[in-house]
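Since the structure comes first, as structure tokens, the remarks are kept for the end.
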DNA sequence: GTGGTCTAGACCACT
DNA sequence: GTGGTCTAGACCACC
């Protein structure tokens, strides 16, 4: 994994794990790698890996059992909610940003449409 | 102005000025407040105000004349371009984020549409 | 049984057994479940179950006879004493905590009184 | 400050600061020592000091301004609430513990009363 | 084996 | 000078 230096590594790893849950690469209740293994996988320091799990716990994305390891939350609602939350956050930020520079929601939608058509062409 | 603590203040102030140019609250070539006045207006440290102008100069958004002050760029193309750049950045970030959590551009557009309809309803 | 993650499981199970003795759900000299059964009952690791008995033995709350199993202490005084000890510990911790945040014993008592009255009302 | 080894140092320092706020040794909005100074004062590592402030921020007990320092919350309600919260927590834990070992609220109150009388005698 | 805490020391961005 | 992040390495309690 390549890190974007402007965003803290622990946030990037958190995002990566949340993504894996939201896209169901990780199942509910599944055991996550140990702190040490996570550190190896992402080539980060165990302390940083530890932090990742602690922050994810704060967000109720996973939970930990002493001496047993860290697990993806078993709360189905929470998992469903996560994807919606993440999408909503992106949309809000996007529209807020557009509005901030004087572009209405309709215009914004049109710009996105045009962009996505061009992308499609480029690929084909 | 309330500052979002996760974004450097100088960036927030930069955004605010760029917004004012893009939305034509500030005209091309118009004189900007002195570093001291900017600091007072935004209740920021003069060092921070200074940094704002420096970075805006780097981006060719404004220029300084020794002893005269700082001015909005007079380059019309640059100004036009700014709005497009800012919008593009927002769109790219938005689509990238959506894709990251497994949502296609079409779905993303639909979500934005639905959202903006609901907002409209709420207001009316 | 749900475990409070901030307290070691073995302590929580110890508390539970001591409670059963103090409230006479377990009689003096009564045979306790085998380590294996305890582990099943509480859905804990056998190692943890083992530790529970070891620690309880240290506190003279129970004793083990090789090949026969583990038993609640037969010492009546010890049992009487246990309840007093546990209560004392709670009181000390409570008053110490209150004093720490600047609340005197009298005030503390009044707060508890008010609280217990409200609880009674709620139930009735 | 002497540390109770069974409780994480960072929690003990957090408690100490919260106590100072609740007992008004620290005023609302007051600047707290810098991470490095806190580390010196409490003879802990700067990392640990940093953690203290971050966790206190999570609890909305203080807030931080980039490059300026960490400050006690300015929210009066939050401060008022803190003392009540802390007291409530102690009471709940106390009564829950007592109930757990089969002692009713009334009995518990009487035990506390007796205890506090004895303490008074001892001192006089 | 697991996570939790702590120290030590470094570098960085922000004010 | 301020906090934020990260690495390195250690020790501990718990399962």
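Chains as they are written, first to last, in the working numbering: chain A, 963 to 1086; chain B, 963 to 1086; chain C, 963 to 1086; chain D, 963 to 1086. Positions of the beta carbon are idealized from the N, C-alpha and C atoms, including for glycine.
Nothing from the region 1048 to 1069 of chain B brings a Cβ to less than 7 Å from some Cβ of chain D. Following the DSSP letters along the chain, one finds residue 1076(A) inside the alpha helix (DSSP H) bounded by residues 1067 to 1085. Residues of the same chain with their beta carbon placed closer than 8 Å to that of residue 1055(A) are lacking, with the five preceding and five following residues left out of the count. Contact of residue 1073(A) with chain B by beta-carbon distance below 8 Å involves 1049, 1053. Residue 1015(A) is a Cβ neighbour of residue 1032(A), given a cutoff of 9 Å. The CB of residue 967(B) comes closer than 9 Å to the CB of 1025, 1026, 1027, 1028 in chain D, given here in chain order. In the DSSP annotation of this structure, residue 1035(C) is not part of any alpha helix (DSSP H), being labelled neither H nor E. Its chain contains 1034, 1035, 1036, 1038, 1041 as the residues whose beta carbon lies nearer than 7 Å to that of residue 990(D), once the 5 sequence neighbours on both sides are disregarded; these appear in chain order. The C-beta separation of residue 1023(B) from residue 1048(B) comes to about 11 Å, leaving the pair out of contact by the 8 Å criterion.
Interface flag for residue 1083(B) against chain A is unset, since no Cβ pair is found closer than 9 Å. Going by DSSP, residue 1010(A) is part of the alpha helix (DSSP H) stretching over 1008 to 1020. In the structure shown, residue 1040(C) falls within a helical segment according to DSSP collapsed to helix, strand and coil.
Within chain A, the residues whose beta carbon sits less than 8 Å from that of residue 971(C) are 1028, listed in sequence order. Within its own chain, the residues whose Cβ lies closer than 7 Å to the Cβ of residue 995(A), once the five positions on either side in sequence are excluded, are 1003, listed in chain order. When C-alpha distances from residue 1008(D) are compared across 975(D), 1053(D), 1050(D), the shortest belongs to 975(D). With 16 or more neighbouring CB atoms inside 10 Å of its own CB, residue 1059(A) falls in the buried class. At a cut-off of 9 Å between beta-carbon atoms, residue 984(B) makes contact with chain A.
In the structure shown, residue 1028(D) falls within a coil segment according to DSSP collapsed to helix, strand and coil.
Beta-bridge partners assigned by DSSP to residue 993(D): 1033(D).
A residue is called buried when at least 16 other Cβ atoms come within 10 angstroms of its Cβ; residue 987(D) does not meet this threshold and is exposed. Straight-line spacing of the CA atoms in residue 1030(A) and residue 967(D) works out to 24 Å. Counting the other Cβ atoms within 10 Å of the Cβ of residue 1000(D) gives 16 or more, which makes it buried. Cβ neighbours of residue 982(A) within its own chain (closer than 8 Å, five residues either side excluded): 988. Residue 981(A) reaches chain B at 1062, 1063, counting residues in chain order whose Cβ is nearer than 7 Å.
Closest in alpha carbon position to residue 985(A), among 965(B), 1070(B), 1006(B), 1062(B), is 1062(B). Taking the beta carbon of residue 1077(B) as reference, the chain A residues within 9 Å of it are 1050, 1053, 1054, 1057, 1067, listed in sequence order. Counting of Cβ neighbours within 10 angstroms places residue 965(D) among the exposed residues, the total staying below 16.
With a 10 Å radius around the Cβ and a threshold of 16 neighbouring Cβ atoms, residue 1052(A) comes out buried. Look at residue 987(B) here: in three-state DSSP terms it is coil, with no helix or strand label. At least 9 Å separates the CB of residue 1016(B) from every CB of chain A. Judged by DSSP in its simplified three-state form, residue 1063(C) adopts coil rather than helix or strand. Straight-line measurement puts the Cα of residue 978(B) at about 12 Å from the Cα of residue 1011(B). For residue 972(A), the three-state secondary structure derived from DSSP is helix.
Interface criterion met: the Cβ of residue 1045(C) is under 9 Å from a Cβ in chain D. By the neighbour-count criterion, in which 16 or more other beta carbons inside 10 Å mark a residue as buried, residue 1079(D) falls on the exposed side.
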